[in-house]
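Undergrad:
Numbering (the working numbering), first residue to last: 17 to 396.
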């Protein structure tokens, strides 16, 4: 029996793997994803791999531990798998890595979890749960490096009045595959800043959803990605305004360069009948740096009540701004330097919005390194 659909881009979930047949690529939620490059994550590939290392940086007062599934609090966010990969992770992951920030705690340093794949063995399935107690304030950073075929589910539970900045950085090796399903529950008057940064990997697909556990909650979703030759970077976002007087803002920016570089951004906001007085806006901007690239961008709004403060969306894909380049060239700046400055200007406002000082310098350096692979090299 197929899954019911509340949103045409976000089916109702099920824990039963039988409700998630192997996708063919013709389904709406899979039509952009090159399934053959998922290395069997969507089919029957064994998810028993353990070829990776973990480094944890945990400030005092925070608990971080691997909890066996039977003893864990997984599902606390209300997460239910909506695709086959997530359902397989739920069924097969052996434990839940739990990060717990107690109520009324204000962290001055981020929690940092770094996973480094060793490029060996079967695909990996893991679950992560981040809990931030009421009126706490925390930043949690997940970094992914090395080589692996990795599938995960990440649950974020933000208590009433709490503030969480969650950052996931995909800095994988060129052959890595990463399928991540992330679900957040944002409490009454709580704030979540969800940041996704994707640079590395052969194929990266992120599905991020957010719901509210009371009025007054605020969600900001920021994304930065840079696709090179042959890379497929896909971000799918769903904000479910299921409570009144809630807010959401989505802003993703990406650059593409090299033959076969492909990015996909699907943004969807559902405003339910009970979500009166909400405010939402989503945008996606793509900068195409060379020939041979493809950027798919699909913003959506589904509105079931007219009693809202505001709702809107925008999407744009373009090459270098000729006027900006002309302005810089007319002042004696070389073409190479002018293009570098335009790209940095494109990303810098978003990097500042992330507001995690420990990341700003490294993200700017990574953008520079990505540019050197194609655009600046060709112009040199």
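Using N, Cα and C, we set each Cβ at its ideal position, and we do this for glycine too.
On a predicted model such as this, the values are computed, not experimentally measured, just so you know.
Measure the CB-CB distance between residue 146 and residue 128 and report whether it falls below 9 Å.
TA: Contact flag unset, no.
Undergrad: Measuring CA to CA, which of 372, 325 and 282 is closest to residue 48?
TA: Among 372, 325 and 282, the Cα nearest to that of residue 48 is on 282.
Undergrad: Pull up the distance between the alpha-carbon of residue 70 and that of residue 161, whole angstroms please.
TA: Distance between the alpha carbons of residue 70 and residue 161 is about 10 Å.
Undergrad: Beta-carbon separation of residue 383 and residue 155 under 9 Å?
TA: Taking 9 Å as the Cβ cut-off, residue 383 and residue 155 do not qualify as a contacting pair.
Undergrad: Excluding the five sequence neighbours on either side, which residues of its own chain have a C-beta within less than 7 Å of the C-beta of residue 2, listed in chain order?
TA: Residue 2 is absent from the structure shown; the chain starts at 17 and stops at 396.
Undergrad: Contact check, residue 257 vs residue 288 under 8 Å by CB: the rounded distance?
TA: Confirmed, about 6 Å.
Undergrad: Leaving out the 5 sequence neighbours to the left and right, which residues in its chain are closer than 8 Å to residue 32 when beta-carbon positions are compared?
TA: The answer, listed in chain order, is 103.
Undergrad: If you reduce the DSSP assignment to three classes, tell me which class residue 364 lands in.
TA: Looking at residue 364 - three-state DSSP - the assignment turns out to be helix.
Undergrad: Give the range of the alpha helix (DSSP H) segment to which residue 105 is assigned.
TA: Run containing residue 105: 100 to 108, per the alpha helix (DSSP H) assignment.
Undergrad: Expressed to the nearest angstrom, what Euclidean distance is found between the alpha-carbon atoms of residue 119 and residue 187?
TA: Rounded to whole angstroms, residue 119 to residue 187 spans 32 Å at the Cα level.
Undergrad: Report yes if the CB atom of residue 273 is closer than 9 Å to the CB atom of residue 387, and no otherwise.
TA: The answer is yes: Cβ separation under 9 Å.
Undergrad: Taking the alpha helix (DSSP H) that residue 373 falls in, what are its first and last residues?
TA: Counting along the chain, the alpha helix (DSSP H) containing residue 373 begins and ends at 373 to 389.
Undergrad: Kindly give me the distance between the Cβ atoms of residue 57 and residue 193, rounded to whole angstroms, as I take these residues to be in contact under 8 Å.
TA: 7 Å between Cβ atoms; contact.
Undergrad: For residue 322, does the count of other Cβ atoms within 10 angstroms reach 16, so buried, or fall short, so exposed?
TA: With fewer than 16 Cβ atoms within 10 Å of its Cβ, residue 322 is classed as exposed.
Undergrad: For residue 43, count neighbouring C-beta atoms within 10 Å of its own C-beta (all shown protein chains included) and say buried if the count is 16 or more, exposed if not.
TA: Its Cβ having fewer than 16 others within 10 Å, residue 43 is exposed.
Undergrad: How close, in whole Å, do the beta carbons of residue 179 and residue 201 come, if the pair is a contact with beta carbons under 8 Å?
TA: That pair is no contact at about 15 Å.
Undergrad: Tell me, which residues are paired with residue 319 by DSSP?
TA: Residue 319 pairs with 287.
Undergrad: Below 9 Å between beta carbons: does that hold for residue 182 and residue 210?
TA: Yes, Cβ-Cβ distance for residue 182 and residue 210 is below 9 Å.
Undergrad: Considering only DSSP beta bridges, list what residue 278 is partnered with.
TA: Looking at the DSSP assignment, residue 278 forms a beta bridge with 248 and 310.
Undergrad: Closest to residue 226 by C-alpha separation, out of 174, 60 and 335, would be which residue?
TA: Among 174, 60 and 335, the Cα nearest to that of residue 226 belongs to 174.
Undergrad: Could you give the residue range of the beta strand (DSSP E) that holds residue 331?
TA: Element bounds for residue 331: 326 to 334.
Undergrad: Would you list the one or two residues that DSSP bridges to residue 253?
TA: DSSP, once it has assigned bridges, lists 224 and 283 as partnering residue 253.
Undergrad: Which same chain residues end up closer than 6 Å to residue 67 when comparing Cβ atoms and leaving out the 5 residues on each side of it in sequence?
TA: So the qualifying residues of the chain are 134, 136 and 137.
Undergrad: In whole angstroms, what separates the C-alpha of residue 73 from that of residue 377?
TA: Taking the straight line joining both Cα atoms gives about 19 Å.
Undergrad: Roughly how many angstroms separate the alpha carbons of residue 396 and residue 357, rounded to a whole number?
TA: Unreliable positioning characterises residue 396 in this predicted model, as indicated by a pLDDT of 46, which lies under 50. A coordinate reading is not provided.
Undergrad: Quick check on this structure: which residue in 28, 122, 123 and 112 has the alpha carbon closest to the alpha carbon of residue 141?
TA: Among 28, 122, 123 and 112, the Cα nearest to that of residue 141 is on 112.
Undergrad: Which residue's Cα is closest to the Cα of residue 30: 39, 96, 63 and 284?
TA: Checked all of 39, 96, 63 and 284; the closest Cα to residue 30 is 96.
Undergrad: Which partner residues does residue 166 have in the DSSP bridge list?
TA: Paired residue(s): 140 and 194.
Undergrad: Can you tell which of 171, 172, 131 and 165 has its C-alpha closest to the C-alpha of residue 159?
TA: Closest by alpha carbon: 131.
Undergrad: In its own chain, which residues sit with a C-beta less than 6 Å from the C-beta of residue 299, not counting the 5 before and 5 after it?
TA: The answer, listed in chain order, is 267 and 330.
Undergrad: Could you check what DSSP says for residue 209 in three-state terms: helix, strand or coil?
TA: Correct three-state label for residue 209: strand.
Undergrad: Quick check: the Cα distance between residue 61 and residue 143, rounded to an integer number of angstroms?
TA: The alpha-carbon atoms of residue 61 and residue 143 are separated by roughly 18 Å.
Undergrad: Quick one: using the 10 Å Cβ neighbour count with 16 as the cut-off for buried, is residue 214 buried or exposed?
TA: Counting Cβ neighbours within 10 Å, residue 214 comes out buried, since at least 16 surround it.
Undergrad: According to the neighbour-count rule (16 or more other Cβ atoms, all chains shown, within 10 Å of its Cβ), is residue 55 buried or exposed?
TA: Buried.
Undergrad: Rounding to the nearest angstrom, what Cα-Cα distance links residue 245 and residue 172 in this structure?
TA: The alpha-carbon atoms of residue 245 and residue 172 are separated by roughly 33 Å.
Undergrad: DSSP three-state label for residue 55, please.
TA: Three-state DSSP puts residue 55 in coil, outside helix and strand.
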